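Visitor: So for the sequence shown, the UniProt record's numbering puts the first residue at 1; every next one is plus one. For every residue, glycine included, the Cβ atom is placed at its ideal position computed from N, Cα and C. All values derive from a computational prediction rather than experimental measurement. Pasting a structure here, questions to come.
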Amino acid sequence: MSNLYSHREQQNNQRFDQLAQTLHQFRTVVNDDIHGSIQQENLTLDMLNDNFGQVWIKVKRTSGDLRNVMNRNASLTRIIGLILLIFVIIWMLTKLR
1 MSNLYSHREQ QNNQRFDQLA QTLHQFRTVV NDDIHGSIQQ ENLTLDMLND NFGQVWIKVK
61 RTSGDLRNVM NRNASLTRII GLILLIFVII WMLTKLR
């Protein structure tokens with residue numbers, strides 16, 4: 001009887017070791033997948049941040065150029081502003097009907 005229990009205990013120990021090894025492999029794979037995903041998302045965020053910075057610089061440059069043009073041609077700026085205002089008013093009146 002003692003031999004039977006000893007044999008079952010060895011089998012249980014082997015199965016426990018297999019389970020522990022499987023769990024270790026599973027944790028390693030999940031950890032590597034999560035780490036890889038986080039790194040990829042961080043790279044994407046860094047790239048988006050760089051692109052946003054470049055766009056912001058272009059917008060600032062363009063708005064500065066527009067300001068210079070508007071300051072040089074004040075009368076033309078007023079006429080264009082009036083035309084745009086009339087267009088917006090007409091567009092809103094047609095939307096309300």
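1) Can you grab the Cα-Cα spacing for the pair S63 / G36, in whole Å?
2) Hey, how far is the Cα of S51 from the Cα of Q18?
3) Tell me which residue opens and which closes the alpha helix (DSSP H) that R78 is part of.
Guide: Reading from the atomic positions:
1) The count along the sequence shown starts at 1 and reaches residue 63 at position 63. The count along the sequence shown starts at 1 and reaches residue 36 at position 36. S63 and G36: Cα-Cα distance of roughly 40 Å.
2) Position 51 of the sequence shown holds residue 51. Position 18 of the sequence shown holds residue 18. The question names Ser, but residue 51 is Asn in the sequence shown. Their Cα atoms are separated by approximately 49 Å.
3) Here residue 78 is taken as the residue at index 78 of the sequence shown, counted from 1. Run containing R78: 74-96, per the alpha helix (DSSP H) assignment.
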